[in-house]
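J.: The structure's right below; bear with me while I get my questions together.
Chains as they are written, first to last, in the working numbering: chain A, 101 to 420; chain B, 101 to 420.
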């Protein structure tokens with residue numbers, strides 16, 4: 101399972117009633133943050149997910165509205181008592197950005213390990229998940245992320261019986277351990293069912309909808325995608341500034357066969373993103389307009405990728 | 101006149117209902133900001149003072165909660181259309197801090213001129229005001245500020261008449277220009293009345309109440325001062341961390357003969373600073389507990405430093 105929490109949905113500047121675009125996931129007890137604009141730690145504190153277990157931060161790019169909150173967050177995580185290393189992922193140049201911003205956070209009680217990723221890289225993130233990245237198109241290096249959590253193969257009870265393995269040895273196998281039976285070592289794979297689909301989501305922001313990104317997010321359960329402009333009228337601006345309109349994001353979700361779409365990163369000129377929801381839903385019906393405090397879950401299920409309970413969304417109090 | 105606007109009142113971390121400590125002044129059409137923690141631009145936007153005319157930023161010190169909002173603000177001021185140079189004042193090391201943070205604001209449409217100040221420095225700020233600084237005591241270099249706006253000497257009508265200057269030449273003299281009368285040059289000083297008191301305020305935060313700072317703020321119309329802790333119970337913490345309690349700040353205001361005291365920079369553990377107001381007012385009655393959106397004015401008046409209309413305070417809507 102992966103828990104999802106939208107922290108902010110804004111673009112370019114933090115507004116009195118809209119935090120900058122970023123979101124947080126929880127996998128087991130690990131927290132991983134995606135982008136960190138100025139103020140990101142403020143709604144985060146409001147939603148009580150804690151700061152200490154922030155194991156990793158994934159950055160899409162280095163524009164200030166996606167990274168300016170880092171030094172303040174570094175302090176807040178330190179104050180929460182973290183001593184384990186923190187991993188930072190981002191496009192080439194991330195180490196210099198982190199070094200520059202750490203001029204006001206030079207001493208921290210935890211190590212910081214920066215990983216610069218480029219198109220096609222696949223890395224293991226904390227929490228047993230993997231990230232694949234692809235370059236987008238935004239004028240500066242930008243990465244889209246595809247996050248996957250694999251699902252362990254089920255225990256094949258019938259196979260265990262047919263091999264004559266005593267019931268008291270099943271739990272070790274179920275926990276992935278090998279056992280010895282009749283003098284023979286039996287590994288967990290011997291009693292595992294067929295491979296099972298895990299859960300996955302894509303995070304794509306500050307980019308045009310490229311073929312490269314389409315391939316990256318093909319078949320994800322959930323696509324979290326920017327929609328800086330609400331409608332086709334702003335198509336020219338979207339192309340000029342390396343962003344997407346709601347219809348473009350919805351088309352990407354549809355063509356990539358995503359299970360659901362969360363739209364975020366709303367331009368400051370769009371006062372009420374909900375008013376433009378129809379522009380996305382006529383292309384891709386399973387679209388949610390994000391707001392700070394929106395939560396969801398990606399849960400394992402057997403092959404029903406379109407299952408409506410895959411993404412359970414709801415708001416929390418204090419939403420702004 | 102000097103207009104005052106409190107943007108935030110928090111210490112250490114920006115909280116969901118308390119912005120970090122900073123405030124803004126307006127002198128004629130110039131804006132000058134004092135400190136800039138993460139999120140400072142957000143309430144600022146709410147109060148509609150504009151960003152373009154931000155001519156100067158005065159920093160007390162370089163802890164993240166007082167400077168992390170700079171790079172985002174630099175972009176916002178750029179987006180507001182500024183092209184004139186911006187001046188940044190702060191203790192030694194300010195240039196390195198600004199350079200580090202500008203890793204995410206490398207190209208701006210205005211020049212940035214950094215002035216590093218040390219104990220006793222006096223500088224002219226934009227808007228025709230002067231700043232005098234003094235070192236505080238906080239573990240790292242910290243500056244207290246004393247801001248003064250001088251008042252022009254009045255036009256001495258009787259003197260102008262006795263010198264035989266025709267009425268049609270008075271306005272030039274009143275505007276500070278020299279005239280020629282009867283073949284003789286007459287400067288504005290020749291028809292100026294006695295020197296008049298201007299207005300002044302002190303800004304003192306993140307420091308113990310030192311003798312040095314007492315001398316700096318002696319006789320100011322308004323002292324804006326930190327009160328990180330509400331009462332004497334936290335006196336030991338205040339001493340250990342280089343801060344002040346409400347009673348200590350009130351004592352500084354009283355002993356320095358300030359006209360009024362605004363308390364700000366409340367520790368995150370102090371949920372309701374108003375509850376501790378009595379701890380300050382029993383020492384210095386004219387104490388205001390600041391909140392984001394608090395405004396005030398320092399207006400010229402002839403010699404009545406204690407006049408209650410010197411500081412007119414009120415709240416604006418949207419206060420948080």
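Positions of the beta carbon are idealized from the N, C-alpha and C atoms, including for glycine.
Small disclaimer: the values here were computed from a predicted structure and weren't measured.
Determine whether the beta carbon atoms of residue 142 of chain A and residue 171 of chain B lie at a separation below 8 Å.
T.: Translated into positions along the first chain, residue 142 of chain A becomes position 42. Translated into positions along the second chain, residue 171 of chain B becomes position 71. Contact flag unset, no.
J.: Which of the three DSSP states is assigned to residue 292 of chain B in this structure?
T.: Sequence index remark: in the second chain, residue 292 of chain B carries index 192 (1-based). Three-state DSSP puts residue 292 of chain B in a strand.
J.: Would you verify that the beta carbon of residue 343 of chain B is, or is not, closer than 8 Å to some beta carbon of chain A?
T.: Counting from one through the second chain, the residue named residue 343 of chain B turns up at place 243. So, not an interface residue.
J.: Would you tell me roughly how many angstroms separate the C-alpha atoms of residue 209 of chain A and residue 265 of chain A, rounded to the nearest one?
T.: The residue given as residue 209 of chain A occupies position 109 in the first chain. The residue given as residue 265 of chain A occupies position 165 in the first chain. Going from the Cα of residue 209 of chain A to the Cα of residue 265 of chain A covers about 49 Å.
J.: Along chain A, in chain order, which residues have C-beta atoms closer than 7 Å to that of residue 175 of chain B?
T.: Residue 175 of chain B sits at position 75 when you count from the first residue of the second chain. Within chain A, the residues near residue 175 of chain B are 164.
J.: Specify the secondary structure class of residue 242 of chain A as computed by DSSP and reduced to three states.
T.: Walking along the first chain from the start, residue 242 of chain A turns up at place 142. Correct three-state label for residue 242 of chain A: coil.
J.: Give the straight-line distance between the Cα atoms of residue 200 of chain A and residue 176 of chain B, rounded to the nearest whole angstrom.
T.: The residue you call residue 200 of chain A lines up with position 100 of the first chain. The residue you call residue 176 of chain B lines up with position 76 of the second chain. When rounded, the distance between both Cα atoms is 20 Å.
J.: Taking 8 Å as the limit between beta carbons, can you name the residues of its chain near residue 228 of chain B, skipping five residues before and five after?
T.: Mapped onto the second chain, residue 228 of chain B falls at position 128. Contacts found: 127, 128, 249, 250.
J.: Measure the Cβ-Cβ separation of residue 312 of chain B and residue 235 of chain B and say whether it is below 8 Å.
T.: Within the second chain, numbered from 1, the residue matching residue 312 of chain B stands at position 212. Within the second chain, numbered from 1, the residue matching residue 235 of chain B stands at position 135. For residue 312 of chain B and residue 235 of chain B, yes; Cβs fall inside 8 Å.
J.: Looking at the unbroken alpha helix (DSSP H) that takes in residue 313 of chain B, where does it start and where does it end?
T.: Position 213 of the second chain, counted from the start, is the residue given in the question as residue 313 of chain B. It spans 311 to 316 - the alpha helix (DSSP H) in which residue 313 of chain B sits, taken as one unbroken run.
J.: Just to check my reading of the structure: residue 156 of chain A and residue 189 of chain A have Cβ atoms closer than 8 Å, yes? What is that Cβ distance to the nearest angstrom?
T.: Along the first chain, read from residue 1 onward, the residue named residue 156 of chain A stands at position 56. Along the first chain, read from residue 1 onward, the residue named residue 189 of chain A stands at position 89. At roughly 7 Å, the Cβ-Cβ gap stays under 8 Å, so residue 156 of chain A and residue 189 of chain A are in contact.
J.: By the 10 Å Cβ neighbour count, where 16 or more other Cβ atoms means buried, how is residue 148 of chain A classified, buried or exposed?
T.: Counting from one through the first chain, the residue named residue 148 of chain A turns up at place 48. Exposed, because fewer than 16 other Cβ atoms sit within 10 Å of the Cβ of residue 148 of chain A.
J.: Look at the alpha carbon of residue 72 of chain B and the alpha carbon of residue 132 of chain B, and state the distance between them as a whole number of angstroms.
T.: With chain B represented from 101 up to 420, any question about residue 72 of chain B goes unanswered, as that position is not in the structure.
J.: I need the straight-line Cα distance from residue 206 of chain B to residue 197 of chain A, nearest angstrom please.
T.: Taking the first residue of the second chain as position 1, residue 206 of chain B is located at position 106. Taking the first residue of the first chain as position 1, residue 197 of chain A is located at position 97. Their backbone Cα atoms lie some 11 Å apart in a straight line.
J.: Quick check on the DSSP output: the alpha helix (DSSP H) that includes residue 197 of chain A runs from which residue to which?
T.: Taking the first residue of the first chain as position 1, residue 197 of chain A is located at position 97. Counting along the chain, the alpha helix (DSSP H) containing residue 197 of chain A begins and ends at 194 to 201.
J.: What are the partner residues of residue 366 of chain A, as DSSP defines its beta bridges?
T.: If you number the first chain from 1, residue 366 of chain A lands on position 266. DSSP, once it has assigned bridges, lists A:110 as partnering residue 366 of chain A.
J.: Using a Cβ-Cβ cut-off of 8 Å, state whether residue 214 of chain A counts as contacting chain B.
T.: Looking up residue 214 of chain A in the first chain gives position 114. So, not an interface residue.
J.: Could you tell me how far apart the beta carbons of residue 393 of chain B and residue 203 of chain B are, in whole angstroms, since I believe they sit closer than 8 Å?
T.: Within the second chain, residue 393 of chain B is the residue found at index 293, counting from 1. Within the second chain, residue 203 of chain B is the residue found at index 103, counting from 1. Contact doesn't hold; Cβ gap of about 32 Å is too wide.
J.: With DSSP run on the structure shown, which of helix, strand or coil describes residue 378 of chain A?
T.: As a working note, residue 378 of chain A is residue 278 in the first chain. Residue state, collapsed to three classes: helix.
J.: Is residue 141 of chain B close to chain A, meaning its C-beta is less than 8 Å from at least one C-beta of that chain?
T.: Looking up residue 141 of chain B in the second chain gives position 41. Closer than 8 Å to some Cβ of chain A, the Cβ of residue 141 of chain B qualifies, so yes.
J.: So who's on the other strand from residue 325 of chain B, going by DSSP bridges?
T.: As a working note, residue 325 of chain B is residue 225 in the second chain. Bridge partners of residue 325 of chain B: B:304, B:363.
J.: For residue 201 of chain A and chain B, any beta-carbon pair shorter than 8 Å?
T.: Sequence index remark: in the first chain, residue 201 of chain A carries index 101 (1-based). Taking Cβ atoms only, chain B reaches closer than 8 Å to residue 201 of chain A, which makes this a yes.
J.: To which residues of the same chain is residue 187 of chain A closer than 6 Å at the C-beta, ignoring the five residues directly before and after it?
T.: Your numbering for residue 187 of chain A matches position 87 in the first chain. Closer than 6 Å at Cβ, skipping near neighbours: 156, 213.
J.: Tell me, please, whether the CB atom of residue 196 of chain A is closer than 8 Å to any CB atom in chain B?
T.: Within the first chain, residue 196 of chain A is the residue found at index 96, counting from 1. Chain B contact via Cβ: present.
J.: Please list the partners that residue 145 of chain A has in chain B, where partner means a Cβ-to-Cβ separation under 9 Å.
T.: Position 45 of the first chain, counting from 1, holds the residue named residue 145 of chain A. Correct list: 113, 114, 115, 116.
J.: Using a cut-off of 7 Å between C-beta atoms, extract the partners of residue 167 of chain A located in chain B.
T.: On the first chain, position 67 is the one that residue 167 of chain A refers to. Those are 204, listed as they occur along chain B.
J.: Are residue 365 of chain A and residue 327 of chain A closer than 8 Å when you measure CB to CB?
T.: Translated into positions along the first chain, residue 365 of chain A becomes position 265. Translated into positions along the first chain, residue 327 of chain A becomes position 227. For residue 365 of chain A and residue 327 of chain A, yes; Cβs fall inside 8 Å.
J.: Can you say whether residue 370 of chain B is buried or exposed, counting buried as having 16 or more other CB atoms within 10 angstroms of its CB?
T.: Along the second chain, one-based indexing puts residue 370 of chain B at 270. Under this definition residue 370 of chain B is a buried residue.
J.: How big is the Cα-Cα spacing for residue 322 of chain A and residue 361 of chain A?
T.: One-based indexing of the first chain puts residue 322 of chain A at position 222. One-based indexing of the first chain puts residue 361 of chain A at position 261. Those two C-alpha atoms are separated by around 6 Å.
J.: May I have the straight-line CA-CA distance separating residue 352 of chain B from residue 320 of chain B, to the nearest angstrom?
T.: As a first step, residue 352 of chain B is located in the second chain; it is residue number 252 there, counting from the start. As a first step, residue 320 of chain B is located in the second chain; it is residue number 220 there, counting from the start. When rounded, the distance between both Cα atoms is 12 Å.
J.: In chain A, which residues lie with their C-beta within 7 Å of the C-beta of residue 138 of chain B?
T.: Walking along the second chain from the start, residue 138 of chain B turns up at place 38. Within 7 Å Cβ-Cβ: 138, 139, 169, 172.
J.: Quick check: what's the CA-CA separation for residue 295 of chain B versus residue 134 of chain B?
T.: Residue numbering aside, residue 295 of chain B sits at position 195 when the second chain is read from its first letter. Residue numbering aside, residue 134 of chain B sits at position 34 when the second chain is read from its first letter. Taking the straight line joining both Cα atoms gives about 29 Å.
J.: From residue 341 of chain A to residue 239 of chain A, what distance separates their C-alpha atoms?
T.: Along the first chain, read from residue 1 onward, the residue named residue 341 of chain A stands at position 241. Along the first chain, read from residue 1 onward, the residue named residue 239 of chain A stands at position 139. Rounded to whole angstroms, residue 341 of chain A to residue 239 of chain A spans 8 Å at the Cα level.
J.: I need the straight-line Cα distance from residue 281 of chain A to residue 273 of chain A, nearest angstrom please.
T.: By 1-based counting over the first chain, the position of residue 281 of chain A is 181. By 1-based counting over the first chain, the position of residue 273 of chain A is 173. C-alpha separation (whole angstroms): 12 Å.
J.: My assumption, with CB atoms under 8 Å, is that residue 332 of chain B sits in contact with residue 309 of chain B. Please give the rounded CB distance.
T.: Taking the first residue of the second chain as 1, we reach residue 332 of chain B at position 232. Taking the first residue of the second chain as 1, we reach residue 309 of chain B at position 209. Between residue 309 of chain B and residue 332 of chain B the Cβ distance is about 14 Å, and since that is not below 8 Å, they are no contact.
J.: Give the straight-line distance between the Cα atoms of residue 410 of chain A and residue 160 of chain A, rounded to the nearest whole angstrom.
T.: Along the first chain, read from residue 1 onward, the residue named residue 410 of chain A stands at position 310. Along the first chain, read from residue 1 onward, the residue named residue 160 of chain A stands at position 60. Low confidence applies to residue 410 of chain A: its pLDDT is 38, below 50, so where it sits in the model is not reliable, and the reading given next is rough at best. Answer to the nearest angstrom: the Cα atoms are 25 Å apart.
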